[in-house]
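The numbering of the sequence shown is full-length UniProt numbering, which starts it at 1 and goes up by one.
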Amino acid sequence: LPKSRIQEVLRETHDSASGGHFGVMKTLSKTRERFYWDRLRADVEKWCRECHACGARKGPKTRTKGRLQRYNVGAPFERMALDILGPLPVTTKGNRYVLVLMDYFTKWPEAIPIPDQEASTVAEELVRAWISRSADHEATGCTPADMLFGRTLRLPCDILFGRPSDTPSSPNEYLNNLEARLESVHAFARERIKLASERMKTRYDSGATGHHFKEGDQVWMYNPKRRRSLSPKLQQNWEGPYTIVKKLNDVIYRVQRSPNAKPKVIHINRLTPYRATDHGSV
1 LPKSRIQEVL RETHDSASGG HFGVMKTLSK TRERFYWDRL RADVEKWCRE CHACGARKGP
61 KTRTKGRLQR YNVGAPFERM ALDILGPLPV TTKGNRYVLV LMDYFTKWPE AIPIPDQEAS
121 TVAEELVRAW ISRSADHEAT GCTPADMLFG RTLRLPCDIL FGRPSDTPSS PNEYLNNLEA
181 RLESVHAFAR ERIKLASERM KTRYDSGATG HHFKEGDQVW MYNPKRRRSL SPKLQQNWEG
241 PYTIVKKLND VIYRVQRSPN AKPKVIHINR LTPYRATDHG SV
């Protein structure tokens, strides 16, 4: 076969309706039955590997996996996890969901019934059922958190503006003693959490690929979309090519589909090198 006709043949045996975008072996068999040229197998493998339609639908054989990024907490309520459970049967008070919170450090759980999943509802319940515990009670002169935990809760304003390091403690001897005991417990817990975090990172990183992208690299982005009218096998799970605009840290990248498109911040586990070629323009 003349070299000038190779791409035309491969477009027909792989990309066309009769080609079906099959894999290397089926495309190779179909091509060998009808044509011959030097390095036929290598050309078929390269053509299938660089097919944009196949890459968008099938993705890579080996997914990129970044290393675990740790965030070690060192005090109660320094970081909270939040999720919404439901929908559940509607209660007599009209609640259908449960707002679930858990402190990363102490593992202290809270469950708050809510009627819907609106952001305003969640914010109001956090203020009413959680943050309000940080205000002084008229009868005791202390906050409920001080009385129970022996410490002052960290409020959003403390995170935004900081809190003086010499904040005076409660004069109540009970609170002072309780705070000292809790600090000892917290120090012990911090060491245990650190060890557990290191073990988890070691296990997780054992499967990391160690791949890194640099600015200007083109990548596929994993973004499966399911349409009811189309079989999942016929839908594209990968979008691209995207261009790496900036590396934010070891596992987070800012990518952009085109110069005028809005950039996206994506984890490396959803990215893979883009090696496809638009065969229609070849």
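Glycine included, every Cβ here is placed at the ideal spot set by N, Cα and C. The structure displayed is predicted, hence computed values, not measured ones.
Which residues share a DSSP beta bridge with residue i?
i	result
T272	W220
Q236	Per DSSP, none; premise fails for Q236.
E100	The question names Glu, but residue 100 in the sequence shown is Val. Answer is D83 and A111.
residue 301	Any property of residue 301 remains undetermined from this structure, which presents the chain solely from 1 to 282.
How is residue i classed by DSSP in three states: helix, strand or coil?
i	result
H267	strand
L68	coil
P168	Per-residue confidence for P168 stands at a pLDDT of 48, beneath the threshold of 50, marking its modelled position as unreliable; the derived number appears in the next sentence. Reduced to three states, the DSSP call for P168 is coil.
A111	strand
V282	Reliability of the predicted coordinates at V282 is poor, the pLDDT of 47 falling under 50, and the value obtained from them is presented with this limitation in mind. Note: V282 maps to coil in three-state DSSP.
T27	helix
V73	coil
E33	coil
P2	coil
V90	coil
A129	helix
S206	coil
K61	coil
F213	coil
F188	helix
Thinking C-beta only, is residue j closer than 8 Å to residue i?
i	j	result
R57	Q236	yes
F105	P76	yes
P113	T91	yes
Y274	V255	no
A189	K65	no
P259	V245	no
D250	R5	no
V122	L99	yes
With residue i as the anchor, note down where its beta strand (DSSP E) starts and where it stops.
i	result
D15	Run containing D15: none; DSSP gives neither H nor E here.
Q256	I252 to Q256
In the DSSP assignment, the alpha helix (DSSP H) including residue i goes from what residue to what residue?
i	result
L160	P156 to F161
Y44	It should be pointed out that residue 44 corresponds to Val in this sequence rather than to Tyr. Unbroken alpha helix (DSSP H) run through V44: L40 to R49.
Q117	Per DSSP, Q117 belongs to no alpha helix (DSSP H) and is neither H nor E.
K58	H52 to K58
| said: When you compare the region 30-42 with the region 202-221, are there three or more beta-carbon pairs, one atom per stretch, that lie closer than 8 Å? | reply: They do not touch, by the three-pair rule.
| task | State whether the region 16-26 contacts the region 39-58, with contact taken as three or more CB pairs (one from each stretch) at a distance under 8 Å. | result | In the pairwise beta carbon analysis, the region 16-26 is classified as touching the region 39-58: at least three pairs are separated by under 8 Å.
| said: Is it the case that the region 190-206 contacts the region 6-18, given that we only count it when at least three CB pairs across the two stretches are under 8 Å? | reply: No, because fewer than three Cβ pairs between the region 6-18 and the region 190-206 fall closer than 8 Å, the two stretches do not touch.
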